[in-house]
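Peer 1:
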Amino acid sequence: MITIDCSALNVVVVGGTSGINRGIAELFASQGASVVVASRSQDKVDDTVAALTELGAKKALGFAADVRDYDALEQGLKATAQVLGGFDVVVSGAAGNFPALVNGMSPNAFKSVIDIDLLGTFHVMRAVYPLLNKPGASVINISAPQAQMPMIAQAHVCAAKAGVDMITRNLANEWGPSGVRVNSIIPGPIAGTEGMARLAPTPAAIKACENSVPLKRFGEPSDIANACVFLSSPLAGYINGAIIPVDGGWLHGGMAVVADGIGKMMFPQQ
Ligand code: HXC
Ligand code: NAP
55 MITIDCSALN VVVVGGTSGI NRGIAELFAS QGASVVVASR SQDKVDDTVA
105 ALTELGAKKA LGFAADVRDY DALEQGLKAT AQVLGGFDVV VSGAAGNFPA
155 LVNGMSPNAF KSVIDIDLLG TFHVMRAVYP LLNKPGASVI NISAPQAQMP
205 MIAQAHVCAA KAGVDMITRN LANEWGPSGV RVNSIIPGPI AGTEGMARLA
255 PTPAAIKACE NSVPLKRFGE PSDIANACVF LSSPLAGYIN GAIIPVDGGW
305 LHGGMAVVAD GIGKMMFPQQ
């Protein structure tokens, strides 16, 4: 394993208490960063903070907040930034997903994903900017392949994540002059995650999905975490406004084939 000294970094991962985002928080912690995690469940926050401490975080903190609740989010971010001395790295990855056709989705179902993924990203960005250590901060939004490729039963996620990537591009312009870089990462299908459990719920769907990736395997949370550490290092000092797939090449065709197939498996009326 390559070791990268992150001991000078104060990192916050919103939605950092499970899956991919927790993997990101854990890598920064294992490299000596101070790490804050936030999500709705206080139990998940406590469990993650204990794990980050165990892994070697300089400091590990957390708070419970729903990204849809701007005041609670802002209060948690302010309080933890005050303890650490501002943030050098922000990862915004809270998201919700369920497979549903547009014709089978209530207005509130569509809105719930837009509110968590898109409005939630805006909330994180809006609340965290005054707390960033400038110049030099790295902000990373966790997007999804649905931002670039339509997928049956994913209109809500496709719309929300496309919006997330446009926020990234806009903020790269607005915040670049103050020395803050803003980028998106598009994870491919990542093994053992809630996202894939929802989108590929059967062994057949998992197999089809794996086969559709040019590298012929699912990614690991560490694949995404590695990209986050890179983006937050001096090696990435000129990367701003980039939308970076970390997906084994999935977006270059394989996803389109399997996305349609899995959608039709779940919704045969299609
Ligand atoms: C149709 C559904 C539905 C479904 C929920 N709803 N599930 N509609 N089909 N399967 C509707 C509900 O009926 C309700 O509408 C509305 O959505 C909101 O549901 P709630 O349960 O009240 O919302 P809430 O408690 O806020 O929970 C949000 C959630 C939930 C998104 C529905 O699943 C959640 O908390 N998810 C977080 C974890 C998660 O999804 N992780 C995976 C991320 S993966 P009505 O009209 O009845 O009020 C990802 C991309 C993966 O983002 C990409 C892989 C390639
Ligand atoms: P996950 O395990 O469900 O993680 C979601 C995290 O966000 C959890 O910590 C959850 O904790 C938190 N969260 C959810 N709703 C929230 C809300 N309203 N407010 C605050 N926190 C909230 O999901 P995952 O599959 O690892 O996905 C993580 C990210 O990667 C998401 O942005 C997803 O879109 C993206 N992605 C995933 C895949 C994949 O293969 N899984 C592929 C592409 C993109 P609480 O329940 O405690 O709130």
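Each residue of the sequence shown is one higher than the one before, counting from 55 in our numbering. Note that beta-carbon positions come from the ideal geometry of N, C-alpha and C, so glycine has one too. From a predicted model like this one, the values you see are computed outputs, not experimental measurements.
Which first and last residues belong to the beta strand (DSSP E) in which SER146 is found?
Peer 2: Its beta strand (DSSP E) spans residues 143–146.
Peer 1: What is the DSSP secondary structure of ARG235, counted as helix, strand or coil?
Peer 2: In the structure shown, ARG235 sits in a strand (DSSP, three-state: E or B).
Peer 1: Quick one: grab the DSSP three-state call for GLY158.
Peer 2: Residue state, collapsed to three classes: helix.
Peer 1: Would you mind stating whether MET205 and GLY317 have Cβ atoms separated by less than 8 Å?
Peer 2: Yes. Within cutoff.
Peer 1: Can you list, in chain order, the residues of its chain with a C-beta nearer than 7 Å to that of GLU248? Leave out the 5 residues immediately preceding and following it.
Peer 2: Taken in chain order, the residues that qualify are SER72 and GLY73.
Peer 1: Roughly how many whole angstroms lie between the Cα atoms of ASP314 and LEU225?
Peer 2: If I take the Cα positions, the gap works out to 33 Å.
Peer 1: Taking the alpha-carbon of THR134 as reference, which of LEU172, SER88 and ALA191 has the nearest alpha-carbon?
Peer 2: Ranking the options by Cα distance to THR134, first place goes to SER88.
Peer 1: Shorter than 7 Å, the distance from the beta carbon of VAL121 to the closest heavy atom of the ligand NAP, or not?
Peer 2: The answer is yes for VAL121.
Peer 1: What residue from SER84, ILE170 and VAL90 has the CA that sits closest to ASP123's CA?
Peer 2: It is ILE170 whose Cα lies nearest to the Cα of ASP123.
Peer 1: Can you give the Cα-Cα distance for VAL103 and PHE82, rounded to whole angstroms?
Peer 2: Roughly 13 Å between the two C-alpha positions.
Peer 1: Quick test of the definition: if touching needs 3 or more C-beta pairs under 8 Å, does the segment 221–237 touch the segment 285–301?
Peer 2: A contact exists between the segment 221–237 and the segment 285–301.
Peer 1: Just to confirm before moving on: does the CB-CB distance between ARG223 and GLY295 stay below 8 Å?
Peer 2: Result yes, Cβ atoms of ARG223 and GLY295 sit closer than 8 Å.
Peer 1: Between LYS32 and ASP219, what straight-line distance do the alpha-carbon atoms span, to the nearest angstrom?
Peer 2: In the structure as shown, the chain begins at 55 and stops at 324. Residue 32 is therefore absent and cannot be evaluated.
Peer 1: Start and end of the alpha helix (DSSP H) containing LEU350?
Peer 2: There is no way to answer for residue 350, as the model of the chain reaches only from 55 to 324.
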